[in-house]
Amino acid sequence: ESFDLVPGRCDYTLQADGANEHVAEVLRLPIGAPVLVGYEITVDSTERVISAGRITYRGDAYRFTTSLFRN
363 ESFDLVPGRC DYTLQADGAN EHVAEVLRLP IGAPVLVGYE ITVDSTERVI
413 SAGRITYRGD AYRFTTSLFR N
């Protein structure tokens with residue numbers, strides 16, 4: 363609100379991967395252990411990107427639930 367940004371849509375992709383050395387250290391996992399990596403891009407009504415990010419989850423400690431609707 364402070365910057366007059368109004369999210370219009372967020373695209374989120376979740377994929378499986380193996381933990382690299384840095385991720386394994388941070389998440390206290392063996393190198394190559396399964397992790398889930400989420401990529402997020404939020405755009406406003408004019409498709410201008412207002413937020414982007416990536417987050418890595420331990421594969422053994424995460425559940426993803428969603429509801430899908432047809433417009």
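Going by the numbering used here, the final residue of the sequence shown carries number 433, and the count climbs one at a time with no gaps. Virtual Cβ for every residue (Gly too), placed ideally from N, Cα, C.
Local Cβ density within 10 Å of residue i, reported as buried at 16 or more and exposed below that
i           : result
residue 378 : exposed
residue 397 : buried
residue 381 : buried
Residue from the options with nearest C-alpha to residue i
i           : options            : result
residue 375 : 387, 395, 382, 404 : 404
residue 415 : 368, 399, 370, 427 : 399
residue 372 : 388, 363, 413      : 413
residue 370 : 386, 410, 424, 427 : 410
residue 389 : 422, 406, 364      : 422
residue 391 : 420, 407, 432, 365 : 420
For residue i, the residue or residues it bridges with in DSSP
i           : result
residue 413 : 404
residue 373 : 403
As assigned by DSSP and simplified to three states, the class of residue i
i           : result
residue 368 : coil
residue 378 : strand
residue 430 : coil
residue 389 : helix
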